[in-house]
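From first to last, the protein sequence lines stand for chains A and B.
For the first sequence, our numbering begins at 45 and goes up steadily by one.
For the second sequence, our numbering begins at -17 and goes up steadily by one.
Yeah, the Cβ is synthetic: ideal placement off N, Cα and C, and Gly gets one too.
Computed from a prediction, not measured in an experiment: that's the story for all the values here.
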Amino acid sequence: MITKKHWTRNTVIFGGIALWGLLLISCVTVNRAVLAPPNVAGAKFVGTKECVECHRDQVDHFASSTHAKLALADASVGDTGCEACHGAGSIHVKSGGAKGTIVNPRTSPEACFACHLEKRGEFSLPNTHPVLAGKVTCVDCHDVHAGDAIKGNGAAMESQNETCTKCHSAQKGPFVYEHGAMKEGCVACHSPHGSVNAKMLVARDANLCLRCHLEAPTATGMINANAVRHTPEDHATRLMQGTCWSAGCHEAPHGSNANNHVRR
Amino acid sequence: MQAKYLTSLRDVSLIASAFLVFTGAQAAALPNDVFPTFESYVKISGQAPAITGNEAAFQRRLQQPQNGGAGIEDLHVTKDINKEVTLDIDGRALFGAQDFLGKLRLSKTEVGSVEVGYKSFRTFYDTIGGFFPLNNQWNAMNPEALHVDRGEFWAAAKWALPSGAEFEIKYTNGFRKGQKDNTIWGDSDYTGLPNNNLPISQVRKMIPSYRDLDEKLKTLEASGKYTMGKTTLRLIVADERTDNTDTRYGTRFPGEVKLFPAPSATALLSPANMNNQVKYYQTDGLTSKMFTATAKTETIFTEKFTMNVGLNYQTVDSDFTGDRPLWTSTPTAVGVVIAPSNNYLNLAGGSEVKVYTGNISFDFKPVKDALIQLALRGEDKYTKSSGSLTAVTAAVNTATGVITMTNSNQIFSSRVKEDSLTPTLDLRYSGFKDLALYAAASVKNVNGDERYVTPYNPITSPVIANGNLAYNSTSEDRSRFTVGANWHTSSAITLRGEVFHKENTNNAVGYIARSDGYVDNYDLGYKYNGAKVTVIVKPISTLSFTTRYVVQKGKATVTGIQVTGTGSVSSPYVASNPESDSMDMSNQMISETIDWSPTAQFYLQANANVVFNVISTVYPRAGVVPAAGANQSWDANGVLQNSNNNYVTASFLAGAVLTKADDVQFQYTYYRADNYNPQLANLTMAYGAGAKESVVTLAVKHKFSDRCFGRAKVGYFDSKNDTTGGNTNFRGPMAYVSMEYAL
Chain A
45 MITKKHWTRN
55 TVIFGGIALW
65 GLLLISCVTV
75 NRAVLAPPNV
85 AGAKFVGTKE
95 CVECHRDQVD
105 HFASSTHAKL
115 ALADASVGDT
125 GCEACHGAGS
135 IHVKSGGAKG
145 TIVNPRTSPE
155 ACFACHLEKR
165 GEFSLPNTHP
175 VLAGKVTCVD
185 CHDVHAGDAI
195 KGNGAAMESQ
205 NETCTKCHSA
215 QKGPFVYEHG
225 AMKEGCVACH
235 SPHGSVNAKM
245 LVARDANLCL
255 RCHLEAPTAT
265 GMINANAVRH
275 TPEDHATRLM
285 QGTCWSAGCH
295 EAPHGSNANN
305 HVRR
Chain B
-17 MQAKYLTSLR
-7 DVSLIASAFL
3 VFTGAQAAAL
13 PNDVFPTFES
23 YVKISGQAPA
33 ITGNEAAFQR
43 RLQQPQNGGA
53 GIEDLHVTKD
63 INKEVTLDID
73 GRALFGAQDF
83 LGKLRLSKTE
93 VGSVEVGYKS
103 FRTFYDTIGG
113 FFPLNNQWNA
123 MNPEALHVDR
133 GEFWAAAKWA
143 LPSGAEFEIK
153 YTNGFRKGQK
163 DNTIWGDSDY
173 TGLPNNNLPI
183 SQVRKMIPSY
193 RDLDEKLKTL
203 EASGKYTMGK
213 TTLRLIVADE
223 RTDNTDTRYG
233 TRFPGEVKLF
243 PAPSATALLS
253 PANMNNQVKY
263 YQTDGLTSKM
273 FTATAKTETI
283 FTEKFTMNVG
293 LNYQTVDSDF
303 TGDRPLWTST
313 PTAVGVVIAP
323 SNNYLNLAGG
333 SEVKVYTGNI
343 SFDFKPVKDA
353 LIQLALRGED
363 KYTKSSGSLT
373 AVTAAVNTAT
383 GVITMTNSNQ
393 IFSSRVKEDS
403 LTPTLDLRYS
413 GFKDLALYAA
423 ASVKNVNGDE
433 RYVTPYNPIT
443 SPVIANGNLA
453 YNSTSEDRSR
463 FTVGANWHTS
473 SAITLRGEVF
483 HKENTNNAVG
493 YIARSDGYVD
503 NYDLGYKYNG
513 AKVTVIVKPI
523 STLSFTTRYV
533 VQKGKATVTG
543 IQVTGTGSVS
553 SPYVASNPES
563 DSMDMSNQMI
573 SETIDWSPTA
583 QFYLQANANV
593 VFNVISTVYP
603 RAGVVPAAGA
613 NQSWDANGVL
623 QNSNNNYVTA
633 SFLAGAVLTK
643 ADDVQFQYTY
653 YRADNYNPQL
663 ANLTMAYGAG
673 AKESVVTLAV
683 KHKFSDRCFG
693 RAKVGYFDSK
703 NDTTGGNTNF
713 RGPMAYVSME
723 YAL
């Protein structure tokens, strides 16, 4: 054990010094740069007025967006300028909008992670949308240029669930017996940015459902789960076996076309 | 020894500090001669892992094929046809990952564009069930590795007329096809728990199941925009067609069948004889047509005053089908008989939905740095559904093994009417130096009426029985309030903070007192309070620390009142089930990101997230169930425990220039969840996530010429999963190479 500690300590100290040395050498001998993502190499800030030429719609309505609340006070960018998120735009402007010359959250989430640090962690979890794999992007679900970034919030025309059901059409319904939880929104039960639980569930066990369906027990030891007809329903034995939506139980949590207890 | 160690650390720290200051001063002076971005290029790549352990789990976690893959990772061609017309081509064809893209876009300056394309990608899944720790029971499905392909073809055109009018039309034909895992797990008696110990069940639901998806979605959308004076009008019409056939396959009590004749006592029975195997599949079909028409106007009266108005009309006409055949192994005197039944034979029906939505908002800027936005949204929604099914039961004569089938044709329906009104207020002010303030409030009120008829046989019950009919009056109040600020205290420190409060009250009342006296009342209320704080510290221009703390605490209550009695003097209403705490939750997320670019030749990004998330119900305060008859007393607190969803993630990325033609990048990611408690298995399934994962990669990018780059990456991954008892562990090296060539 002691040997292992020495190995670790020495590795940190001497390996670190070697790395610094290597970098010092490269600084002196190589007159070339490498950039951390998501920066644009060699670009300079040009200001939002240049962006208007081609992206008028985005610029004109940005004042109504969630992100306009934040005065990103970087002197070189200006308050909430386009380049605060998209990076310096001089090369993009000069090239007439060539691909790869601007930071584009539609192709990489790095620009969003700069402020939303915790989302990087959530998208690293085992159960998440494949954002880090590049198959889904932040802007597939969020409109960052106008209105509320969380679609369907407030007085927006569309409903919040439309963000999810545009891909997950089987969960959209309509159902003969809609589960009331759908009115709370998909995010009532799912963490769309990622979860430690399968299917991005907020909780993998019965607590997921009992948050809204657990009533006061009428006898000691009773787990009185209910919602439709408020006769005491002791679920203790059934919940020993699994979750509320296990086989043979409430298998249709999004809504049912045959059973008002969402058993199908 | 300790002193020597500290001395060494001090020396290293001194060197680091000196280097930090030195490089901080140097960074601005260096040129940005990096690997250039090509206007047109093709990138070819291949990758190959060598996995030890569960290959299906590897595919799901890394979203890569276990046999590797290769192909064109990225293709982009830009060509000017003439001074006004440009052709853009994008492509991708990664075999193995089955990731494809083909896009062609033709655009003419100040006229518009035409675009056609196809893209699809594969998402990998593994069909895992539950692991039972008391006897190390693990049920793997064959095959374990599943996948779903998702893709779409699209064609779009945009026109911009000299008058300023703009038109756009887009057709999309998408699909989702394949198989994925499911969390609806089947039952098993193979748990090692004692039999015949009711009400403590020896059954645990841990047999995996999967869904077969065949979903199609077609949309045709046309939109136009025209500005008349101070008003800009947008019109959008859309037609959407859904055609889904999804099937779930599962098994309950696999391999089990009861003895015949049934023994008088089951305490000593083998798990193989505790229950009867049931194999089933469930098909859900849905075809729907949705039409949407939307009109929006924006009128800029003055620089200080803007009005937006929107109207939306939507109809949905859907048809559903379904089926759920079951095959139950049934013991008889002549042997085991497979009894076929079907709870939902020939399930068929349809729904009609009409939604009218309107909103209006006023943006007012009383002074240069202030914005007041007042908005109102209203919606009226009506849904009408009906359907029919045949419930088929199979009665087995245990003496002869003869099966008698009985059919019951049933009908059902529902009508739901709902209207809502949502006023919102948004305030922003940035008139103070380096300080921006904002506040928002939203209050949504929903009222509705519901009529539900659950499946009944109209032949045997010409009058709908009380138990099959329910009328509800519903109401919801949802309010959200947010106050926040962004303060640039100095060039080195920026502070952002936001507090929020969310409060919902849902109420459903069965408002017709039925002849059997039932009147139900269901109240659900919940409140959340939270805050988000971000601190950005930049001690020097090349180094920044970003810290974010998000906290949210919530509480929910349920009041389920069943009122018996008719309300008359002789039979007054009697309420039961008073308000009860149904949930307490707490979520705290602490995140830190460090960005450091000490020189133009080196960068470092480090990120760590620590999350404490717990959801608990009123239990474990259930108490001990007293002994009764043959049943022993037992502690119900063990059935429902808190849901702990804690985890830690960390990532480290460092890149550096090695030579004039080489860059190197090192990356490390880490994930740890420690919520798995096998002790819970005595009284429930131990679902808590417990896992530990590390991935380390080292990549080198080499410039072969001004038109050609190469990239090679090697890595090693290690994943251990406690929740699955180690049955989904995997580890091994991986390699990746790519070549990018300018066209």
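*Got a sec: is the Cβ-Cβ distance from A11(B) to anything in chain A below 7 Å?*
Residue confidence for A11(B) is low, a pLDDT of 39 falling below 50, so the modelled location carries little weight; the figure read from the coordinates is stated next. Any Cβ of chain A closer than 7 Å to the Cβ of A11(B) would place that residue at the interface, and such an atom is absent.
*the stretch 269 to 294 of chain A: which residues have C-beta closer than 7 Å to a C-beta of chain B, in chain order?*
Listed in sequence order: N270, A271, R273, H274, T275, A280, T281, L283, M284, Q285, G286, W289, S290, A291 and G292.
*Assign P13(B) to one of two classes, buried (16 or more other C-beta atoms within 10 Å of its C-beta) or exposed (fewer than that).*
Low confidence applies to P13(B): its pLDDT is 45, below 50, so where it sits in the model is not reliable, and the reading given next is rough at best. With fewer than 16 other Cβ atoms within 10 Å, it is exposed.
*If we cut at 7 Å on Cβ distances, does S152(A) have a partner in chain B?*
Answer no: the Cβ-Cβ gap between S152(A) and chain B never drops below 7 Å.
*asked:* Looking at chain A, is there any beta carbon in it that lies within less than 7 Å of the beta carbon of I597(B)?
replied: Chain A places a beta carbon closer than 7 Å to that of I597(B), counting this residue as a contact.
*What are the residues that DSSP puts in a beta bridge with L251(B)?*
As computed with DSSP, L251(B) is found in no beta bridge at all.
*Note down, in chain order, all residues in the stretch 77 to 106 of chain A with a beta-carbon under 7 Å from any beta-carbon belonging to chain B.*
Answer set for the stretch 77 to 106 of chain A: A77, V78, L79, A80, A85 and G86.
*Would a check of beta-carbon distances place D192(A) closer than 7 Å to chain B?*
Not one chain B Cβ lies under 7 Å of D192(A).
_Supposed contact pair S564(B) and T539(B) - C-beta distance, whole angstroms, cut 8 Å_ = About 6 Å separates the two Cβ atoms, so the contact holds.
*With DSSP as the reference, label C129(A) as helix, strand or coil.*
In the structure shown, C129(A) adopts helical secondary structure according to DSSP, grouped into three states.
*Looking only at DSSP bridge pairs, what is A137(B) linked to?*
Residue pairing by DSSP puts A137(B) in a beta bridge opposite V98(B) and Y153(B).
*Taking the Cβ atom as the reference point for each residue, do F594(B) and Q623(B) lie within a distance shorter than 7 Å?*
Cβ distance not < 7 Å, so F594(B) and Q623(B) don't count as in contact.
*Identify the continuous alpha helix (DSSP H) that holds K138(A) and give its terminal residues.*
Here the alpha helix (DSSP H) through K138(A) covers S134 to K138.
_With a threshold of 7 Å on Cβ separation, who are the neighbours of D72(B) within its own chain once the five nearest residues in sequence on each side are excluded?_
The beta carbon of D72(B) sits closer than 7 Å to those of L57, H58, L83 and K85, all from its chain and outside the five residues before and after it, given in chain order.
*asked:* Between A117(A) and chain B, is any beta-carbon pair separated by less than 7 Å?
replied: Confidence at A117(A) is low in this model, with a pLDDT of 44, below 50, so the placement of that residue is unreliable and no value is reported for it.
*Within the chosen definition, does the stretch 229 to 243 of chain B reach the stretch 202 to 221 of chain B through at least 3 CB pairs nearer than 8 Å?*
Because the criterion of three Cβ pairs below 8 Å is not met, the stretch 229 to 243 of chain B and the stretch 202 to 221 of chain B do not touch.
*For P253(B) versus D171(B), is the C-beta distance shorter than 7 Å?*
Yes; because the gap between Cβ atoms is below 7 Å, this pair is in contact.
*asked:* Do R186(B) and Q285(A) count as a contact pair if the criterion is CB distance below 7 Å?
replied: When the beta-carbon positions are compared, Q285(A) and R186(B) come within less than 7 Å of each other.
*Just curious, the alpha helix (DSSP H) that H257(A) is in, first and last residue?*
Per DSSP, the continuous alpha helix (DSSP H) segment holding H257(A) begins and ends at N251 to H257.
*Are there 16 or more other CB atoms within 10 angstroms of the CB of C156(A), so buried, or fewer, so exposed?*
Per the 10 Å Cβ criterion, buried.
*Where V24(B) sits in the DSSP three-state scheme*: Here DSSP, grouped into helix, strand and coil, assigns V24(B) to strand.
*Helix or strand or just coil, what does DSSP make of Q41(B)?*
Reduced to three states, the DSSP call for Q41(B) is helix.
*Does the stretch 96 to 116 of chain A come close enough to the stretch 662 to 675 of chain B that 3 or more CB-CB pairs lie under 8 Å?*
Flag = no, the stretch 662 to 675 of chain B and the stretch 96 to 116 of chain A do not touch.
_Own chain, CB closer than 7 Å to R43(B), minus 5 neighbours either side, in chain order_ = The beta carbon of R43(B) sits closer than 7 Å to those of S701, all from its chain and outside the five residues before and after it, given in chain order.
_Neighbour-count burial assignment, Q259(B), 16 or more Cβ in a 10 Å radius_ = Flag for Q259(B) reads buried.
*Buried or exposed: which applies to M387(B), given that a residue is buried once 16 or more other Cβ atoms fall within 10 Å of its Cβ?*
It counts as exposed.
*Given a limit of 8 Å on CB to CB distance, which residues of the stretch 229 to 246 of chain A reach chain B?*
If you check each beta-carbon in the stretch 229 to 246 of chain A against every beta-carbon of chain B, the ones closer than 8 Å belong to S239, V240, N241, A242, K243, L245 and V246.
*At 8 Å on the CB atoms, spell out the chain A contacts of K657(B), in chain order.*
The sequence shown places Asn at residue 657(B), not Lys. Contacts between N657(B) and chain A, judged by CB atoms closer than 8 Å, involve V240 in chain order.
*Any beta-carbon of chain B closer than 7 Å to the one on K138(A)?*
So no, K138(A) is outside the interface.
*Measure the C-alpha to C-alpha separation of L245(A) and H234(A) and round it to an integer number of angstroms.*
Rounded to whole angstroms, L245(A) to H234(A) spans 4 Å at the Cα level.
*Per DSSP, cross-strand counterpart(s) of F712(B)*: Secondary-structure assignment with DSSP links F712(B) through a beta bridge to G35(B) and S701(B).
_DSSP state of E458(B) mapped onto helix, strand, coil_ = In the three-state scheme derived from DSSP, where H, G and I count as helix and E and B as strand, E458(B) is classed as strand.
*asked:* Measuring alpha carbon to alpha carbon, tell me which residue in V93(B), F634(B) and L451(B) is nearest E148(B).
replied: Taking each of V93(B), F634(B) and L451(B) in turn and checking the Cα distance to E148(B), the smallest one comes out for V93(B).
*Cα separation between V3(B) and L525(B)?*
In this prediction, V3(B) has a pLDDT of 46, which is less than 50 and means its spatial position is unreliable; what the coordinates show is noted afterwards. Spanning the two alpha carbons is a distance of roughly 11 Å.
*So with Cβ pairs under 7 Å, would you call A302(A) a contact of chain B?*
Flagged as an interface residue toward chain B: A302(A), by a C-beta distance shorter than 7 Å.
*What's the call for K216(A), buried or exposed, on a 16-neighbour Cβ count within 10 Å?*
Under this definition K216(A) is a buried residue.
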